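Chemist: I have a structure here, written as structure tokens, and I will follow up with some questions on it.
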Amino acid sequence: MTMNKLKVVTYNMRYDCKEDGKNNFEYRKPYIIRKIKEKSPDIIGFQEMLPHMKVWFEESFPEYNLVGCGRAKDYTDEHNAIAYRKDTFELFGLETFWLSPTPYLPGSRFEEQSICPRVCTVALLKHKNGIKPIRVYNTHLDHEGEQARLLGIGLVLERIKQDYECFPLPSLLMGDFNASPDCKEIQVIEEDGILEDTTKGIEYTFHNFGKPQDFIKIDYIYKSKEFICDQIGVWDDVEEGIYLSDHYPVEAHLVLE
1 MTMNKLKVVT
11 YNMRYDCKED
21 GKNNFEYRKP
31 YIIRKIKEKS
41 PDIIGFQEML
51 PHMKVWFEES
61 FPEYNLVGCG
71 RAKDYTDEHN
81 AIAYRKDTFE
91 LFGLETFWLS
101 PTPYLPGSRF
111 EEQSICPRVC
121 TVALLKHKNG
131 IKPIRVYNTH
141 LDHEGEQARL
151 LGIGLVLERI
161 KQDYECFPLP
171 SLLMGDFNAS
181 PDCKEIQVIE
191 EDGILEDTTK
201 GIEYTFHNFG
211 KPQDFIKIDY
221 IYKSKEFICD
231 QIGVWDDVEE
241 GIYLSDHYPV
251 EAHLVLE
């Protein structure tokens, strides 16, 4: 990678669930290793990464640093971890905030939300050959309530705007938003105008391990104006009925002007 080109991926890994049968995480591991090694993204934003999955990733991919904590009050449970290549980036800043009225209270959530806390992981990454750092925001909105998702994405957008006004830097927002492009939650981002959706044209990202009746687009990568999106696609690999996840990871090739 040159200092003005980035390969970025958002990847809902699907938590380790025994009920997934042959698509249980244990059986998907070799496919995940092969795919990430093959594509070698510069930055990956993960969702649904449990603590033991995080340990496995760190052992399997020593070329990456993986940052971020779990969403529970004791920092366990699912992580919205951000992975970045060690040979490419330095970590200049890291923060996790909860999507709630008390963003810095671990495990907190909105009253309108499901029982699952939700977080946003923010990494300030400096390319080793670049001048300015970039900000990467990775989140996973509530799976049950539209109101919770609206409150959550509102909090994230407010944070992005505050950061940009304080010190404008190229910014990326990625994740599983649990909302299709026609939903209010996505329209809020579009109307805000600070970020642009790179994933327009992708038909669906969630496929529930290949069940057409469940196909829906809910995974996104947004960029600030400093980036140009050169290419977008999904990792739709399947071998003998085994997928990388119940979501297709989404990959964007970005050029930093």
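Residue numbering for the sequence shown is 1 to 257, as defined by UniProt numbering. All C-beta atoms, glycine included, are put in the ideal place defined by N, C-alpha and C. Note that this is a predicted model, so its numbers are computed, not measured.
#1: Between D246, L151 and I242, which has its C-alpha nearest P30's C-alpha?
#2: Can you give me the start and stop residues for the alpha helix (DSSP H) that S60 sits inside?
#3: So, is Y27 buried or exposed, given that buried needs 16 or more other C-beta atoms within 10 angstroms?
#4: Just confirm the distance between the C-beta atoms of D142 and G152, as a whole number of angstroms; I'd bet it's less than 8 Å.
#5: Can you grab the Cα-Cα spacing for the pair D197 / Y220, in whole Å?
#6: Based on the DSSP output, what are the partners of I216 in its beta bridges?
#7: On the three-state DSSP scale, how would you describe I194?
#8: If the criterion is Cβ atoms closer than 7 Å, does the pair N80 and G70 meet it?
#9: Indicate the three-state DSSP secondary structure (helix, strand or coil) for E240 in the structure shown.
#10: Please state the DSSP three-state secondary structure of G152.
Modeler: This is what the structure gives:
#1: I242
#2: P51 to S60
#3: exposed
#4: 6 Å
#5: 7 Å
#6: F206
#7: coil
#8: no
#9: coil
#10: helix
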